[in-house]
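Working notes for the structure below.
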Amino acid sequence: MDDLAIEYLDLLEDGGHDDVVVIASSFGGWIAAEMAVRDRGRRISGLVLIDVIGPQIPGHPVGMPSVDDARLPAQMRANFANVFHYTARHPQGDPRLPHRVQRTAVPTLFIWGGDDRIVSLDYGRVYAARFPKAEFVVLPGIGHAPLMEAPERTLDLVADFLRA
225 MDDLAIEYLD LLEDGGHDDV VVIASSFGGW IAAEMAVRDR GRRISGLVLI DVIGPQIPGH
285 PVGMPSVDDA RLPAQMRANF ANVFHYTARH PQGDPRLPHR VQRTAVPTLF IWGGDDRIVS
345 LDYGRVYAAR FPKAEFVVLP GIGHAPLMEA PERTLDLVAD FLRA
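Counting from 225, one number per residue, gives the positions in the sequence shown under our numbering.
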């Protein structure tokens with residue numbers, strides 16, 4: 225995970241990108257959080273984290289699906305082989321991540337599906353509470369993939385966050 229975060233930060237630097245808002249969901253949120261923690265160049269100005277995994281939170285296990293798990297939208301199943309590859313070291317999340325994200329100074333919007341069966345609403349709330357500048361929004365009746373299940377509502381929340 226560290227290598228992915230550093231690689232993406234290097235790409236931002238190499239491209240001369242500043243004032244970047246990183247928008248990520250599920251596994252991508254783990255990478256985005258690691259990027260924010262390591263962003264010494266202060267290129268990241270905000271995070272939008274949508275039903276993310278990443279931290280290991282005692283009492284709140286991640287219901288990591290298998291590649292063929294019916295709980296996942298079909299579009300996500302193909303991507304989970306990669307997720308399993310990168311999470312092999314910490315299959316239930318990184319126990320150190322909740323402590324490290326406390327160092328992030330950027331505004332962070334959490335968008336969470338109220339019916340997510342992969343990562344619970346409580347998991348999301350506990351994780352969001354670790355970020356110094358976090359807002360937590362719940363989408364009732366939505367599962368683990370708000371961008372697929374409720375794209376208009378999700379993108380409206382992102383647009384409002386970007387305007388703030």
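From the three backbone atoms N, C-alpha and C, an ideal C-beta is built for every residue, glycine too.
Could you tell me how far apart the beta carbons of residue i and residue j are, in whole angstroms, since I believe they sit closer than 8 Å?
i    : j    : result
I274 : L371 : 6 Å
Tell whether a beta-carbon distance below 7 Å holds between residue i and residue j.
i    : j    : result
L333 : P279 : no
T378 : I342 : no
V361 : L381 : yes
G367 : G337 : yes
L363 : A352 : no
G365 : D339 : yes
V244 : L235 : no
Give every residue of the same chain whose Cβ lies closer than 7 Å to the Cβ of residue i, excluding the five residues on either side of it in the sequence, and list them in chain order.
i    : result
R324 : V261
M259 : A229, Y232, L233, V246, I268
P331 : G270, K357
F355 : V325, T328, T332
L386 : V245
Whose C-alpha, out of the options, is nearest the C-alpha of residue i?
i    : options                : result
L233 : A256, I247, S250, A248 : A256
S344 : A383, I277, A329       : I277
G253 : D238, R266, A369, G265 : A369
G240 : R266, S249, E359, I281 : R266
A383 : G287, V272, P319, S249 : V272
D226 : D238, S249, D263, G287 : D263
F251 : D238, G287, P282       : G287
Provide the residue(s) that pair with residue i in DSSP beta bridges, ordered along the chain.
i    : result
A358 : T332
S249 : I274
I268 : V244
G317 : According to DSSP, G317 bridges with nothing at all.
H368 : DSSP lists no partner for H368.
H323 : Per DSSP, none; premise fails for H323.
Here's a check: name, in chain order, each residue in its chain whose Cβ is nearer than 8 Å to the Cβ of residue i, leaving out the five neighbours to either side.
i    : result
D346 : H284
A388 : P331
P319 : P279, Q280
S249 : L273, I274, D275, V276, A369, P370, L371
Tell me which same chain residues have a C-beta within less than 6 Å of the C-beta of residue i, skipping the five on either side of it?
i    : result
D242 : R267
E359 : L333
E376 : none
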